[in-house]
Amino acid sequence: MKCRHCNHLLSLSFVDLGVMPPSNAYLGCEADFEKEVSFPLNILVCDKCWLVQTEDFTRADELFTDDYAYLSSTSSSWVEHAKQFVDGLVECRSLNAESFVVELAANDGYLLQHVVKKGIPCLGIEPTSVAAEIAKSKGVEIQECFFGLEQANRLLKDYPKADAIIGNNVLAHVPDINDFVSGIATILAKTGVLSLEFPHLLNLIKFKQFDTIYHEHFSYLSLTAVSNILASVGLEVFNVEKLSTHGGSLRVWAQHSGHTLKVSRNVFNVLEEEQKFGMCLHETYQNFTHSVDAISRDLKTFLQKAKASNKKIVAYGAAAKGNTLLNYACVDVLDVPVVFDAADSKQGKFMPASHIPILPPSELKHYSPDYVLILPWNIAHEIIAVVKPLVPETCKFVTAIPELSVI
Ligand SMILES: [Zn+2]
1 MKCRHCNHLL
11 SLSFVDLGVM
21 PPSNAYLGCE
31 ADFEKEVSFP
41 LNILVCDKCW
51 LVQTEDFTRA
61 DELFTDDYAY
71 LSSTSSSWVE
81 HAKQFVDGLV
91 ECRSLNAESF
101 VVELAANDGY
111 LLQHVVKKGI
121 PCLGIEPTSV
131 AAEIAKSKGV
141 EIQECFFGLE
151 QANRLLKDYP
161 KADAIIGNNV
171 LAHVPDINDF
181 VSGIATILAK
191 TGVLSLEFPH
201 LLNLIKFKQF
211 DTIYHEHFSY
221 LSLTAVSNIL
231 ASVGLEVFNV
241 EKLSTHGGSL
251 RVWAQHSGHT
261 LKVSRNVFNV
271 LEEEQKFGMC
281 LHETYQNFTH
291 SVDAISRDLK
301 TFLQKAKASN
311 KKIVAYGAAA
321 KGNTLLNYAC
331 VDVLDVPVVF
341 DAADSKQGKF
351 MPASHIPILP
361 PSELKHYSPD
371 YVLILPWNIA
381 HEIIAVVKPL
391 VPETCKFVTA
401 IPELSVI
């Protein structure tokens, strides 16, 4: 396979997680178990441009179906994160009723609702109709489509160029990253700014976050790689911020190359940090599989020991990342009989491959668990606050990454 950005032949392996169903392919009923489809999940590294990427097996339209269940507003901390971002953006770019803001992958309007409230014209691009309908109900205008150069040219017939383009956790999810950034450069106004957030590959490796790897997540991004990809379409990174979201993300700010905003020292600092970490060295990637195997083994052993001691275990948070962890560690419904999740769209369904049933948190009080395995470790504090009143005082909380932790 050749690199999706630079076409260089890919020969360096990062990690091979075997064969798995798409991590958002929740199953509606037991009859669906037999029809479940799985695809190889093998991650490769380009040792020319350092884009880390899934091996090609699945098409985007197979992964993002109408019942794609992830809704951003389910996480209250994420909605608050979005509100703070909008407040900052509007202030620093002096956005007003004459401006135009575009969000790519606007999801359920978790972010643009705050732009609408400020009276600033905006448009969301969102391919999944379940999320799009919710966004529309919040007063957010949505175009239901995937985004790329073709869609960008089509948008320009009906809308002005954008003073700000926002893409939170979407760059990693697009299969054709070159086409996506070409589209961005096309609709970005001459003086406009682009803000992209994505989980930082450096943290994925450092903190062993292998459960953030899944088919829908085509790229694993460093500033080194993203700077090159944006430069290829005439965009220049002028600032970067480190965020705590999703286990450590980067928010990259870009503009048309040579435009007025001065390039921040932050950009050089993060690029230097990546170099020192070994982002461009083969051995950084070659050692990752050992970490993944150790985490999986520790989790499975813990669950088996707890079960042998007649302890009751449940899981919380039917997140995509939970599916990668459970499936690679061979955890199934015999180890963890139930997972609780606040999202209506997931309740009553089953986790892919592990077939663990998903119930609403209100049911938790009937289970009296000894342990709650928290799958979305990045929002563990938020989950513990919600779950604590529903479980016995002696109940302990377990996370598996970066290492098994019981508190
Ligand atoms: Zn490449």
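Read in order, the letters of the sequence shown are residues 1 to 407 in the UniProt record's numbering.
By construction, the Cβ of each residue, glycine as well, lies at the ideal position given by its N, Cα and C atoms.
- Query: DSSP three-state call for residue 214: helix, strand or coil?
  - Reply: Mapped onto the sequence shown, residue 214 falls at position 214. Looking at residue 214 - three-state DSSP - the assignment turns out to be coil, as it is neither helix nor strand.
- Query: Taking 7 Å as the cut-off, does the CB of residue 5 come closer than this to any heavy atom belonging to ligand 1?
  - Reply: Along the sequence shown, read from residue 1 onward, the residue named residue 5 stands at position 5. Yes, the Cβ of residue 5 comes within 7 Å of a heavy atom of ligand 1.
- Message: Checking the sheet assignment: what are the DSSP bridge partners for residue 122?
- Response: As a first step, residue 122 is located in the sequence shown; it is residue number 122 there, counting from the start. DSSP output for residue 122 lists 101 as bridge partner(s).
- Does the beta carbon of residue 51 fall short of 7 Å from some heavy atom of ligand 1? Within the sequence shown, the letter at position 51 stands for residue 51. Closer than 7 Å to some heavy atom of ligand 1: that describes the Cβ of residue 51.
- Message: Any heavy atom of ligand 1 inside 7 Å of the beta-carbon of residue 46?
- Response: Taking the sequence shown and counting its residues from 1, one reaches residue 46 at position 46. True, at least one ligand heavy atom lies under 7 Å from that Cβ.
- Straight-line gap, residue 335 to residue 316 (C-alpha atoms, nearest Å): By one-based count along the sequence shown, residue 335 stands at place 335. By one-based count along the sequence shown, residue 316 stands at place 316. When rounded, the distance between both Cα atoms is 14 Å.
- Give every residue of the same chain whose Cβ lies closer than 8 Å to the Cβ of residue 68, excluding the five residues on either side of it in the sequence, and list them in chain order. Taking the first residue of the sequence shown as position 1, residue 68 is located at position 68. Caution is warranted here: a pLDDT of 47 is assigned to residue 68, below 50, making its placement in the model unreliable, and the coordinate value is therefore given only provisionally. These residues qualify, in order along the chain: 24, 128, 130 and 131.
- Within 8 Å, strictly: CB atoms of residue 467 and residue 171: Because the chain in this structure spans residues 1 to 407, residue 467 falls outside the shown range and cannot be described.
- Query: Would the segment 219-235 and the segment 385-401 be scored as touching if the rule is three or more Cβ pairs under 8 Å?
  - Reply: no
- Message: Looking at the secondary structure, which residues open and close the alpha helix (DSSP H) in which residue 327 lies?
- Response: Locating residue 327 in the sequence shown gives position 327, counting from the first residue. Run containing residue 327: 320-328, per the alpha helix (DSSP H) assignment.
- Task: Under the assumption that residue 1 contacts residue 51 (Cβ atoms under 8 Å), give the Cβ distance between them as a whole number of angstroms.
- Result: Reading the sequence shown from its first residue, position 1 is the one you call residue 1. Reading the sequence shown from its first residue, position 51 is the one you call residue 51. Residue 1 to residue 51, Cβ: 12 Å. No contact.
- Query: Pairing CB atoms from the segment 8-26 with CB atoms from the segment 352-365, are three or more of them under 8 Å?
  - Reply: yes
- Pick helix, strand or coil for residue 377, following the three-state DSSP scheme. Against the sequence shown, residue 377 aligns to sequence position 377. The DSSP-derived three-state label of residue 377 is helix.
- For the segment 265-272 and the segment 226-245, state whether three or more C-beta atom pairs, one from each stretch, are separated by less than 8 Å. With the cut-off at 8 Å, the segment 265-272 and the segment 226-245 touch.
- Between which two residues does the alpha helix (DSSP H) carrying residue 78 extend? The sequence position of residue 78 within the sequence shown is 78, counting from 1. Segment 76-92, the alpha helix (DSSP H) holding residue 78.
- In three-state terms, what does DSSP make of residue 396? The residue labelled residue 396 in the question sits at position 396 within the sequence shown. Reduced to three states, the DSSP call for residue 396 is strand.
- Query: If you count every other CB in all the chains shown that lies within 10 Å of the CB of residue 374, and 16 or more means buried, which is it?
  - Reply: The residue given as residue 374 occupies position 374 in the sequence shown. Looking at its Cβ environment, which holds 16 or more other Cβ atoms inside 10 Å, residue 374 is buried.
- Near ligand 1: residue 8 beta-carbon under 7 Å from a heavy atom: For the purposes of this step, residue 8 is taken as residue 8 along the sequence shown, with counting starting at 1. Correct: residue 8 has its Cβ closer than 7 Å to ligand 1.
- Task: Could you tell me which of 228, 307 and 142 sits nearest to residue 178, measuring between CA atoms?
- Result: Against the sequence shown, residue 178 aligns to sequence position 178. Out of 228, 307 and 142, 228 has the C-alpha closest to the C-alpha of residue 178.
- Would you identify the three-state DSSP class for residue 34, choosing helix, strand or coil? Residue mapping note: residue 34 aligns to position 34 of the sequence shown, counting from 1. If DSSP states are grouped into helix, strand and coil, residue 34 belongs with the helices.
- Task: Measure the C-alpha to C-alpha separation of residue 329 and residue 362 and round it to an integer number of angstroms.
- Result: Within the sequence shown, the letter at position 329 stands for residue 329. Within the sequence shown, the letter at position 362 stands for residue 362. When rounded, the distance between both Cα atoms is 28 Å.
- Output yes or no for whether 8 Å exceeds the beta carbon distance between residue 12 and residue 285. To locate residue 12, count along the sequence shown from 1; it is residue 12. To locate residue 285, count along the sequence shown from 1; it is residue 285. In contact: residue 12 and residue 285 (Cβ atoms closer than 8 Å).
- Simplified DSSP state of residue 418, which is helix, strand or coil: With the chain covering only 1 through 407, there is no way to say anything about residue 418.
- Item | Segment contact flag, the segment 253-261 with the segment 189-203, C-beta cutoff 8 Å, min 3 pairs | yes
- Task: Select from 385, 303, 246 and 290 the residue whose C-alpha is nearest the C-alpha of residue 320.
- Result: Looking up residue 320 in the sequence shown gives position 320. If we check each option's Cα against that of residue 320, 246 comes out closest.
- Which residue comes first and which comes last in the alpha helix (DSSP H) that contains residue 151? Position 151 of the sequence shown, counted from the first residue, corresponds to residue 151. Counting along the chain, the alpha helix (DSSP H) containing residue 151 begins and ends at 149-158.
- Task: Could you check what DSSP says for residue 361 in three-state terms: helix, strand or coil?
- Result: Here residue 361 refers to the residue found at position 361 when the sequence shown is read from its first residue. Looking at residue 361 - three-state DSSP - the assignment turns out to be helix.
- Item | Buried or exposed by the 16-neighbour rule on C-beta atoms within 10 Å, applied to residue 212 | As a working mapping, residue 212 is identified with position 212 in the sequence shown. Result: buried.
- Query: Got a sec: does ligand 3 put a non-hydrogen atom nearer than 7 Å to the Cβ of residue 215?
  - Reply: The model depicted lacks ligand 3 and carries ligand 1 instead.
- Message: For residue 379, which residues in the same chain have their Cβ closer than 7 Å to its Cβ, ignoring the five residues on either side in sequence?
- Response: Reading the sequence shown from its first residue, position 379 is the one you call residue 379. Hits under 7 Å: 75 and 77.
- Item | Proximal residues to residue 207 (C-beta, below 8 Å), its chain only, five neighbours per side dropped | To locate residue 207, count along the sequence shown from 1; it is residue 207. 247, 248, 401 and 402, listed in sequence order.
- Item | Proximity winner among 325, 133 and 98, relative to residue 118 (alpha-carbon distances) | One-based indexing of the sequence shown puts residue 118 at position 118. When only C-alpha atoms are compared, the closest one is 98.
- Task: Determine the direct distance from the alpha carbon of residue 72 to that of residue 137, and round the result to whole angstroms.
- Result: If you number the sequence shown from 1, residue 137 lands on position 137. If you number the sequence shown from 1, residue 72 lands on position 72. Straight-line Cα distance between these residues: approximately 15 Å.
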